[in-house]
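Protein chains in written order, with my numbering: chain A, 471 to 671; chain B, 471 to 671. Structure record follows, encoded as structure tokens.
Protein chains: 2
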Amino acid sequence: MLKTKDSYHHGDLSAALLKAGEAVLAETGVEGFSLRAVAKRVGVSHSAPAHHFGDARGLLDALATEGFRRFLAAMEARQAVEPSKDPRQQLLASGLGYLDFAVGSPALFRLMFAAERSHPKSEELTAAARASFMHLADGVARLRGVSPYQAPAAMTDVMAIWSMVHGFAELYVSGRLGPLDCQPLADRDGFLVEILDRAIG
Amino acid sequence: MLKTKDSYHHGDLSAALLKAGEAVLAETGVEGFSLRAVAKRVGVSHSAPAHHFGDARGLLDALATEGFRRFLAAMEARQAVEPSKDPRQQLLASGLGYLDFAVGSPALFRLMFAAERSHPKSEELTAAARASFMHLADGVARLRGVSPYQAPAAMTDVMAIWSMVHGFAELYVSGRLGPLDCQPLADRDGFLVEILDRAIG
DNA sequence: AATTTCATCTTGACAATGACAAGATATCAC
DNA sequence: GTGATATCTTGTCATTGTCAAGATGAAATT
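Below, the structure is given as structure tokens:
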């Protein structure tokens, strides 16, 4: 197995397409994304991707799905290196991981949150996205001592925190905060902690 | 002038294309947006739009530009009907206008903030976007009594508020808050005021 | 071991799209 | 009234997504 070249059967085309797809996405953005460009990059015929991902939406959904998994991993990674195990510090750390991912994979980040929750969405995508959000809800649950699903006040916390970190990530990634060349942003992480503190209340 | 039909020269094609373009955008989203579909809707040839907006990016930029103007108008409209002239209430009102626009024109809202601030951006687009942000900065200036451009603490306020309202609008519009079917969201405006209050600090 | 079966990948085709060039038509300047 | 210009159309080409049919190689069956 795992023939990577010169073989009629690629051996691991699915993974290769995902990797190439992410590269194309990062380089051209979702608007310049092309199935044929991905296929060409892997060195495979133009319609090979269809057998693995169906149509273009299928490959993008798969990318978004993997994105959500790495998204969750990024939050957990930040929490792992956070020395304090205090729920509040851990929650802030996961926010920093949120931002890490957005900054590290801006195009993928946009794709994930633009992936229309429309009709025939992938089941895996839904699950992966849900898992990411659950992680945030869990963090608030540990902080407040109640499940957000049973305490509206805690759910308000969840949404406030989520809105804050997501909004900042979106604006930061889209470069709209740049022209302000503002002083508080010199320390990006410190600034996020500052405003997340407000959101937590 | 203003011949709307049966004339070789449309008379007001530019405006008609913008109107149709917004309709197509709202119906199909930016990924399904097509210059030819816009032209067909107006009843002109497939390459008529090029003479007014250059390429597809030009029409989308024009739509985003007009979007930012209406965006600003939506914020001002909410402030106008806000009985209190207290700076804090006015700032909250502009946040509600922000959300009004996002909910009323979700596809346009996404387009505006996805419009890559990349290389050859339209001058008008930059100006319109900038005017929207300035309005927010002005609101904070009135509240704090200092220009955010001179007081880092006030700039932090601007970014915190902006991140909060933008994040909430994005998540709300993309429908990701829906599955939570959470209680606090029953009163959408009230909820936004609640979390914006936290952002202001 | 030979044959069948099946997943995998390729080739070829078609319609839709963005972009461009060249031409047609109406409005405007003089 | 005549030419100049802005506006719009037609025709064309390369690219793209999608589908259908065929080619290839691996695995399963006998």
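Just so it is clear, CB atoms sit at the ideal spot from N, CA and C, and this is done for glycine as well.
- Between the segment 482-498 of chain B and the segment 514-522 of chain B, the count of C-beta pairs closer than 8 Å reaches three or more; the two stretches touch.
- Against chain A, the CB of residue 669 of chain B has a partner CB under 8 Å away; the residue lies at that interface.
- Counting along the chain, the unbroken alpha helix (DSSP H) around residue 568 of chain B starts and ends at 557-574.
- Under the DSSP assignment, residue 510 of chain B falls in the alpha helix (DSSP H) whose first and last residues are 505-512.
- In terms of Cβ geometry, residue 669 of chain B and residue 630 of chain B form a close pair [threshold 8 Å].
- Taking the Cα positions, residue 544 of chain B is about 48 Å away from residue 518 of chain A.
- Below 8 Å, too few C-beta pairs join the segment 525-535 of chain A and the segment 547-557 of chain A to call them touching: fewer than three.
- The shortest C-alpha to C-alpha distance from residue 660 of chain B to any of B:565, B:637 and B:576 is the one to B:565.
- Nearest CB-CB separation between residue 644 of chain A and chain B: below the 8 Å threshold.
- Annotation: residue 546 of chain B to residue 546 of chain A spans about 41 Å, alpha carbon to alpha carbon.
- Taking C-beta atoms as the reference points, residue 508 of chain B and residue 496 of chain B fail to come closer than 8 Å.
- Annotation: the segment 512-558 of chain B contains the following complete segments of the alpha helix (DSSP H) (minimum length 4 residues), in chain order: 520-523 and 526-551.
- For residue 502 of chain A, the closest Cβ of chain B is not nearer than 8 Å.
- The three-state reading of DSSP puts residue 602 of chain B in helix, counting H, G and I together.
- When Cβ-Cβ separations below 8 Å define contact, residue 647 of chain A makes contact with chain B.
- Contact check for residue 636 of chain B against residue 662 of chain A fails: the beta carbons are separated by 8 Å or more.
- Spatial neighbours of residue 541 of chain A in its own chain (CB-CB distance under 6 Å, excluding positions within 5 residues in sequence) are listed in chain order as 571 and 602.
- Shortest Cα-Cα distance from residue 539 of chain B to any of B:599, B:499 and B:494 involves B:599.
- Its chain contains 577 as the residues whose beta carbon lies nearer than 6 Å to that of residue 499 of chain B, once the 5 sequence neighbours on both sides are disregarded; these appear in chain order.
- Interface criterion not met: the Cβ of residue 606 of chain A is under 8 Å from no Cβ in chain B.
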